[in-house]
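Have a look at the structure below before the remarks.
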Ligand code: SF4
């Protein structure tokens, strides 16, 4: 039997649509595979199909996942789909088929003996960890009109997982988070719902120009940097541990390290 | 209230002095409260707490940890701010503390405020300043983030109660494990003055719990509980004494956390220890690990230490130490053992023990499965079987296992071991012992 490869967009919508398309083929799942990128070396005796992201199909898949597998599994699948590893689409797809055919439902993620489930678990954990790190280490600066602005550069697409946290915490604030690796903005207008926009032109402006900070901004950066230095106990100095706890790729976005 | 504070100093200078002065309080946790934003102000809290940065000593920065003032009428021997020291003095105004908290919080620098203080004029005067500051934060600024305040020993119970309704967490530092030690180190403090507010806060929390069951919207009193701290290594107290006190504090005072602070001889006091290699960080680390065993692994102090063997083996962690002295209880069969026994295996943490129980329902587990579940096999392998087999043939023999485990311990790595008279293997202590470690307080999921 020939193998079929479905190539889909690298997004939650893209992956879930491809899962829908895979089911629609009504063939054995073991011969169908999902990819988010074109392969360099096409395999002989393999069929390549292209799947276009589709909101209606995506929503159908989401509805099925939530009712058949429960919200917790659904969240893990979303986190895995946001991973930057190339095999995520396949892992997510095969985890879904495993959960649905086995009827394990809410306990799907416990089946760690299944390599796809184990992989989905691993990818979801990495995304969740990185989202948590951004919640810890992301730094806002205040722009001219009081709008808060933060720039991040995460490996995985963590935006959808960090926006709810900040939207609750900073509910009376206007804020903007910019993921410079994906040209993606998380936007929160004070007191309203948050949303995401992917905006290449806006992104360019963000990369090219240093934002215009408010007058007070430098004062608080200075104060915090001072606090950060003063709180350390010299007799316990341990910069190796510090670096282990705050990896360098986060430090370059943080005021207290950047000023060094 | 009338506030008598000299305004002339800049906020920069004050922050420098009052952060410096607050460094030795180890607590920085922002955990224990779970509160959503109500839409009327800024802030929320998460049960697990959040760290926002790490200082050059590797310790987490979660809260804006400052003293309100470093003026003090007392003269504690271990404290840099004591009356008899000639150091630069400063005091914030309540509004300055509010400004720093709000502006740092908006920028995601901090999770909230940890306000402690030297004793200015009197315990009551100081406690009132703390209350006033936190009151302004909660009402004027509608701040809903995390607040931890010190209860000043000797302050009026009414002031302590007032603070408890504004703060998420309160703490009174026990300072020394024994009453005798406290007399020696802090002549102006009395054990009873410390235990009294501790008891009051405990009762307040319990009462509040009843109020909340009756009326869901009752105001919260110290929702995140109370904590305390002991200085380690200034006096010759044993680990057994220290851990027994900690156990008592957990059991009888319902404390959320006990912190241990390796003594740093800041005042160059000739009668107190000043190890050339720095503060006893490795000992502090072992105490934190043991504390973890009390709180999450269902251990009792009497299982870990005895009068005859009153100190932890620095070479390996307290759980491994316990295991090698109870080899008759091992190996444990992963596919059958109950949850509590799983928790006692070195290399199996709370998370992996839970996962083992959940996953083995689908079929029996292999070593490969265990690895995927986060079990640290190179530590666990001496103590477990999977389907009746050990991972590879190994000796169930104390000395052999200790040598191997000590070689892997991030804190005790590559150290020489020697034998004590009671037969225990100890690590050879060297000057480098205390200066070079790269460990931190264990975190919730860590396997120990
Ligand atoms: S009461 Fe003692 S420990 Fe506290 S600030 Fe004063 S001298 Fe220091």
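Chains as they are written, first to last, in our numbering: chain A, 75 to 334; chain B, -17 to 430.
Here a beta-carbon is modelled for each residue, glycine too, at the ideal position from N, C-alpha and C.
- Query: On the premise that residue 60 of chain B lies in contact with residue 101 of chain B, defined as a C-beta separation below 8 Å, what is that separation, rounded to the nearest angstrom?
  - Reply: Residue 60 of chain B and residue 101 of chain B do not touch by the CB rule: their CB atoms are close to 15 Å apart, not below 8 Å.
- Task: In angstroms with no decimal places, state the Cα-to-Cα distance between residue 380 of chain B and residue 166 of chain B.
- Result: If you draw a straight line from the Cα of residue 380 of chain B to the Cα of residue 166 of chain B, it is about 41 Å long.
- Message: Distance cutoff 7 Å, beta carbons only. Does residue 369 of chain B sit that close to anything in chain A?
- Response: Residue 369 of chain B does not count as touching chain A.
- Message: Measuring only the C-alpha atoms, how far is residue 112 of chain A from residue 240 of chain B?
- Response: Going by the C-alpha atoms only, they are around 55 Å apart.
- Query: Can you list, in chain order, the residues of its chain whose CB lies under 7 Å from that of residue 330 of chain B, leaving out five sequence neighbours each side?
  - Reply: In its chain, beyond the 5 residues on either side, 324, 357, 362 and 429 have a beta carbon closer than 7 Å to the beta carbon of residue 330 of chain B.
- Within-7 Å CB hit, residue 39 of chain B to chain A: Residue 39 of chain B counts as touching chain A.
- Of all the CB atoms in chain A, is at least one closer than 7 Å to the CB of residue 242 of chain B? Judged by the 7 Å Cβ criterion, residue 242 of chain B is not in contact with chain A.
- Query: Taking three-plus beta-carbon pairs below 8 Å as touching, is the segment 248 to 258 of chain B in contact with the segment 294 to 308 of chain B?
  - Reply: Verdict: no, contact absent.
- If we cut at 7 Å on Cβ distances, does residue 261 of chain B have a partner in chain A? Residue 261 of chain B has a beta carbon lying within less than 7 Å of a beta carbon in chain A.
- Task: Kindly confirm or deny that the segment 180 to 187 of chain B and the segment 211 to 228 of chain B touch, where touching means at least three C-beta pairs closer than 8 Å.
- Result: Contact fails between the segment 180 to 187 of chain B and the segment 211 to 228 of chain B, because fewer than three Cβ pairs, one in each stretch, are under 8 Å apart.
- Would you kindly report the start and end of the unbroken alpha helix (DSSP H) that includes residue 189 of chain B? For residue 189 of chain B, the enclosing alpha helix (DSSP H) stretches over residues 173 to 196.
- Return yes when the C-beta of residue 61 of chain B is under 6 Å from any heavy atom of ligand 1, and no when it is not. Yes, Cβ of residue 61 of chain B sits closer than 6 Å to a heavy atom of ligand 1.
- Within 7 Å (strictly less), CB to CB, does residue 34 of chain B reach chain A? By this cut-off, residue 34 of chain B is an interface position.
- Tell me, please, whether the CB atom of residue 193 of chain B is closer than 7 Å to any CB atom in chain A? Among the CB atoms of chain A, none fall inside 7 Å of the CB of residue 193 of chain B.
- Task: For residue 5 of chain B, verify whether its CB is less than 6 Å away from any heavy atom of ligand 1.
- Result: No, Cβ of residue 5 of chain B sits at least 6 Å from all heavy atoms of ligand 1.
- Query: Is the Cβ of residue 264 of chain B closer than 7 Å to any Cβ of chain A?
  - Reply: Contact with chain A is absent for residue 264 of chain B, since none of that chain's Cβ atoms lies less than 7 Å from the residue's Cβ.
- Task: For residue 56 of chain B, verify whether its CB is less than 6 Å away from any heavy atom of ligand 1.
- Result: True, at least one ligand heavy atom lies under 6 Å from that Cβ.
- Enumerate in chain order the residues of its own chain whose CB-to-CB distance from residue 76 of chain B is below 6 Å, with the five nearest sequence positions on each side excluded. Counting only residues of its own chain and dropping the five nearest sequence neighbours on each side, residue 76 of chain B has a CB closer than 6 Å to the CB of 114, 115 and 118.
- Message: What does the Cβ neighbour count give for residue 264 of chain A, buried or exposed, with the cut at 16 atoms within 10 Å?
- Response: Around the beta carbon of residue 264 of chain A, fewer than 16 other beta carbons lie within 10 angstroms, which makes this residue exposed.
- Message: Taking the alpha helix (DSSP H) that residue 77 of chain A belongs to, which residues open and close that run?
- Response: Segment 77 to 81 is the beta strand (DSSP E) holding residue 77 of chain A; no alpha helix (DSSP H) there.
- Query: Can you name the residues of chain A whose CB is closer than 8 Å to the CB of residue 344 of chain B?
  - Reply: Going along chain A in sequence order, the residues near residue 344 of chain B (Cβ under 8 Å) are 184, 185 and 187.
- Contact with chain A by residue 420 of chain B, beta-carbon distance below 7 Å: Unreliable positioning characterises residue 420 of chain B in this predicted model, as indicated by a pLDDT of 36, which lies under 50. A coordinate reading is not provided.
- Does DSSP classify residue 317 of chain A as helix, strand or coil? Three-state DSSP puts residue 317 of chain A in a helix.
- Message: Give me the DSSP bridge partner(s) of residue 97 of chain B.
- Response: Under DSSP, the beta-bridge partners assigned to residue 97 of chain B are B:48 and B:131.
- Item | Residue of B:193, B:65 and B:46 minimising C-alpha distance to residue 32 of chain B | Of the candidates B:193, B:65 and B:46, the residue whose Cα lies closest to the Cα of residue 32 of chain B is B:46.
- Counting Cβ pairs closer than 8 Å, one from the segment 227 to 246 of chain B and one from the segment 276 to 295 of chain B, do we hit at least three? Yes, the segment 227 to 246 of chain B is in contact with the segment 276 to 295 of chain B.
- Item | Per-residue burial, residue 29 of chain B [other beta carbons within 10 Å of its own, 16 or more giving buried] | So residue 29 of chain B ends up on the exposed side.
- Message: Cβ closer than 8 Å: which chain B residues qualify as neighbours of residue 302 of chain A?
- Response: Correct list: 35, 37 and 43.
- Query: Taking DSSP as the reference, what is the three-state secondary structure of residue 154 of chain B?
  - Reply: Three-state result, residue 154 of chain B: coil.
- Message: Shorter than 6 Å, the distance from the beta carbon of residue 101 of chain B to the closest heavy atom of ligand 1, or not?
- Response: Yes; taking the cut-off as 6 Å, the Cβ of residue 101 of chain B has a heavy atom of ligand 1 nearer than that.
- Query: alpha helix (DSSP H) containing residue 168 of chain A: first to last residue?
  - Reply: Its alpha helix (DSSP H) spans residues 162 to 176.
- Item | Contacts that residue 181 of chain B makes with chain A (C-beta to C-beta distance below 9 Å) | By Cβ distance, chain A contributes nothing, its closest Cβ being about 31 Å from residue 181 of chain B, past 9 Å.
- Query: Would the segment 7 to 16 of chain B and the segment 88 to 101 of chain B be scored as touching if the rule is three or more Cβ pairs under 8 Å?
  - Reply: Between the segment 7 to 16 of chain B and the segment 88 to 101 of chain B, the count of C-beta pairs closer than 8 Å reaches three or more; the two stretches touch.
- Item | Cβ of residue 396 of chain B within 7 Å of any chain A Cβ | The pLDDT assigned to residue 396 of chain B is 45, lower than 50, so where the model puts this residue is not dependable, and the model offers no usable value.
- Candidates B:295, B:205, B:157 and B:90: which alpha carbon is nearest residue 222 of chain B's? Residue 222 of chain B has its Cα closest to that of B:295, out of B:295, B:205, B:157 and B:90.
- For the segment 127 to 136 of chain A against the segment 87 to 95 of chain A, are there 3 or more C-beta pairs whose distance is under 8 Å? Note that the segment 127 to 136 of chain A touches the segment 87 to 95 of chain A; at least 3 beta-carbon pairs, one per stretch, sit closer than 8 Å.
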